[in-house]
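S.K.: Numbering (my numbering), first residue to last: 94 to 594.
Yeah, the Cβ is synthetic: ideal placement off N, Cα and C, and Gly gets one too.
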Amino acid sequence: MRGLDTPLKQIRRKIFSEIARIGFESSDDTLIQDIEAIPYNIVEEKAKYRDSIYRERAVASERVRLAMGMSLRPENRAVHLTNGIEASNIDEKYYEPPLMQVIPSACAACAPNKYEVSNMCRGCVAHPCLLACPKGAISMVDGKSHIDQSKCIKCGRCKSVCPYDAIAHKQRPCELACGVKAITSDEQGRAKIIDDKCVSCGMCMVSCPFGAISDKSQIFQLAHALREGTEIIAEVAPAYIGQFGKEVTAGKFHTALRKLGFSDVYEVALGADIGAVTEAHHYASKVSTGELPFLLTSCCPSWSVMAKKFFPDIIDNISRELTPMVATARKVKQDHPTAKVVFIGPCASKKLEASRTSVRSDVDFVITFEELNGLFDAKNIVPADCEDDVSSHLATAAGQGYAVAGGVAGAIEACLKEYYPDVPVHIEHAESLADCKKMLTLAKAGKLNGCMIEGMACPGGCMGGAGTNVAFRDSSKALKKYVSSSEEKIPAKELEDIQLD
């Protein structure tokens, strides 16, 4: 479902387009009325996806609030749709956690982890399911197998031995997608996110078939700032390749951004180049010498936050180098001290990285590729129809390759082999939070000493992120072709000395 033009993607795009249009066009006098009209503009007089237009509009109303950067309304008291809008009707509104939120009126209260006997059961004589159950939870009722849920321990042995595949393993899609087990149930059986565990990767959001989970957005604030003529420079993650149509070249995409109102365009691959060289130096000077047992990359915020939350003993092994987003933003601020910076990428958790206080990000707005489509729609900009003109700050193949799993590790390894040929290289990478946890467990146990470890929260890496428009299999092919055409393969070693304080 992720990255495809599904009805859920279409709904979200409509919301983003409407919010962006209001940001570009509404005045203080019309803002409230324009926002209140969105659920009625989105939902027609006949329910299309849910049991009534009232429920569809209720869900759309909550999506509007999240897209405005506000939190959901409480269910136990009356709160107006635009309540708190004053705090969002400004240019400089950072994201406030929790970023990921479950929309109660949209949640179908899917059954949590359980095994059930389907109508495929033939009531066979052998009863292998009954014999395999270690807790005696299976009995024969009216000639068919029956599982007593109060006794079942969810071991799955019954399913594995059924010759007719008549036993189904039911799991919440959002819960299954969460690699840190941050999904539980509320008192009504609906999904609930445990904020203390959540690392805001967004995999639950893109995995829910009911569109019941969404994140907050800055699309309104960005559109408002662009309308006001604020100097805003776009820094674009390398995963943008292939996200806006096969015919959209890098040049056409950059032109479309300038038509939207951005003063200039920088590629975050520039910051990735800086990161690859500095990480290679860090590995050669600290890990290969034994001063550090291993080194964890830090460019994926969900991976980094997960390591800090669940493996606090190894915090000192997380790289302190600037992430590509922050390094690029620092460079932008050096070149344009008064400009605002917007990071445009595939990642939901970058929204929280930009608002952190431990290390200044120099990023003023974060939007996803999905949200950028809403901005394009609001201004009737079609990237494929734009002129092919690249006059931006390009990077090497190594930096561009950061967009896929293994790309960070590959870039660092290439720099190590070129600039530190006598240093033995041991690099590992993991994608998806579940596999990342396994990797960190091995590292903590001393099984990966001397290793540089890349972690990516999203399957496939950044190009499999929650804010993408295109399926990974298609976008990754486009990126591979783009990277192979790059004239410069690795960044210059001198980049490790660049000052971005």
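With DSSP run on the structure shown, which of helix, strand or coil describes residue 593?
M.R.: Walking along the sequence shown from the start, residue 593 turns up at place 500. Residue state, collapsed to three classes: coil.
S.K.: Just how far apart, CA to CA, sit residue 593 and residue 133?
M.R.: On the sequence shown, position 500 is the one that residue 593 refers to. On the sequence shown, position 40 is the one that residue 133 refers to. One C-alpha to the other measures close to 48 Å.
S.K.: If you run the structure through DSSP and keep just helix, strand and coil, what is residue 580?
M.R.: Here the question's residue 580 lines up with position 487 in the sequence shown. Three-state result, residue 580: coil.
S.K.: The alpha helix (DSSP H) with residue 537 in it runs from where to where?
M.R.: Here residue 537 refers to the residue found at position 444 when the sequence shown is read from its first residue. 526-537 is the span of the alpha helix (DSSP H), which, as asked, contains residue 537.
S.K.: Under 8 Å, do residue 511 and residue 520 count as touching if we go by C-beta distance?
M.R.: Within the sequence shown, the letter at position 418 stands for residue 511. Within the sequence shown, the letter at position 427 stands for residue 520. Going by C-beta atoms, residue 511 is not nearer than 8 Å to residue 520.
S.K.: Using the Cα positions of residue 572 and residue 526, report the straight-line distance between them to the nearest angstrom.
M.R.: Start at 1 with the first residue of the sequence shown, and residue 572 comes out as number 479. Start at 1 with the first residue of the sequence shown, and residue 526 comes out as number 433. Computed Cα separation, rounded: 23 Å.
S.K.: Note the first and the last residue of the continuous alpha helix (DSSP H) segment covering residue 375.
M.R.: Sequence index remark: in the sequence shown, residue 375 carries index 282 (1-based). Where residue 375 is concerned, the enclosing alpha helix (DSSP H) stretches over 362-375.
S.K.: What separation, rounded to the nearest whole angstrom, lies between the Cα atoms of residue 576 and residue 369?
M.R.: For the purposes of this step, residue 576 is identified with residue 483 of the sequence shown, where counting begins at 1. For the purposes of this step, residue 369 is identified with residue 276 of the sequence shown, where counting begins at 1. C-alpha separation (whole angstroms): 16 Å.
S.K.: For residue 334, collect the residues of the same chain with a Cβ closer than 8 Å to its Cβ; drop the 5 residues on either side in sequence, then sort them by chain order.
M.R.: Here residue 334 refers to the residue found at position 241 of the sequence shown. Answer for residue 334: 343, 493, 496, 568, 571, 572, 575, listed in chain order.
S.K.: Classify residue 217 as buried or exposed, calling it buried when 16 or more other Cβ atoms lie within 10 Å of its own Cβ.
M.R.: For the purposes of this step, residue 217 is taken as residue 124 along the sequence shown, with counting starting at 1. So residue 217 ends up on the exposed side.
S.K.: Considering only DSSP beta bridges, list what residue 548 is partnered with.
M.R.: As a working mapping, residue 548 is identified with position 455 in the sequence shown. Note: residue 548 sits in a beta bridge opposite 523.
S.K.: How should residue 154 be labelled, buried or exposed, when 16 other C-beta atoms within 10 angstroms of its C-beta is the threshold for buried?
M.R.: Stepping through the sequence shown from its first residue, residue 154 is reached at position 61. The residue is buried, with at least 16 neighbouring Cβ atoms inside 10 Å.
S.K.: From the DSSP output, read off the bridge partner residues of residue 262.
M.R.: Looking up residue 262 in the sequence shown gives position 169. 208, per the DSSP bridge assignment.
S.K.: Could you tell me how far apart the beta carbons of residue 278 and residue 205 are, in whole angstroms, since I believe they sit closer than 8 Å?
M.R.: To locate residue 278, count along the sequence shown from 1; it is residue 185. To locate residue 205, count along the sequence shown from 1; it is residue 112. About 6 Å; that satisfies the 8 Å criterion.
S.K.: Straight-line CA distance for residue 95 to residue 240?
M.R.: Numbered from 1 along the sequence shown, position 2 holds the residue referred to as residue 95. Numbered from 1 along the sequence shown, position 147 holds the residue referred to as residue 240. Reliability fails at residue 95, whose pLDDT of 48 lies under 50, so the model's placement of it is uncertain and the value that follows must be treated cautiously. Cα-Cα distance, rounded: 34 Å.
S.K.: Considering only C-alpha positions, which residue in the set 409, 500, 481 is nearest to residue 553?
M.R.: Numbered from its first residue, the sequence shown carries residue 553 at position 460. Residue 553 has its Cα closest to that of 500, out of 409, 500, 481.
S.K.: Let's see if you can read the secondary structure: which residues bound the beta strand (DSSP E) around residue 438?
M.R.: The residue labelled residue 438 in the question sits at position 345 within the sequence shown. Per DSSP, residue 438 belongs to the beta strand (DSSP E) from 433-438.
S.K.: Do residue 316 and residue 644 have their beta-carbon atoms positioned less than 8 Å apart in this structure?
M.R.: Here the chain covers residues 94 to 594 and nothing more, so residue 644 does not appear.
S.K.: Using alpha carbons as the reference points, say which of 412, 284, 101 lies closest to residue 544.
M.R.: Here the question's residue 544 lines up with position 451 in the sequence shown. The option with the nearest alpha carbon to residue 544 is 412.
S.K.: For residue 459, list the residues DSSP reports as bridge partners.
M.R.: The count along the sequence shown starts at 1 and reaches residue 459 at position 366. Partner(s): 436.
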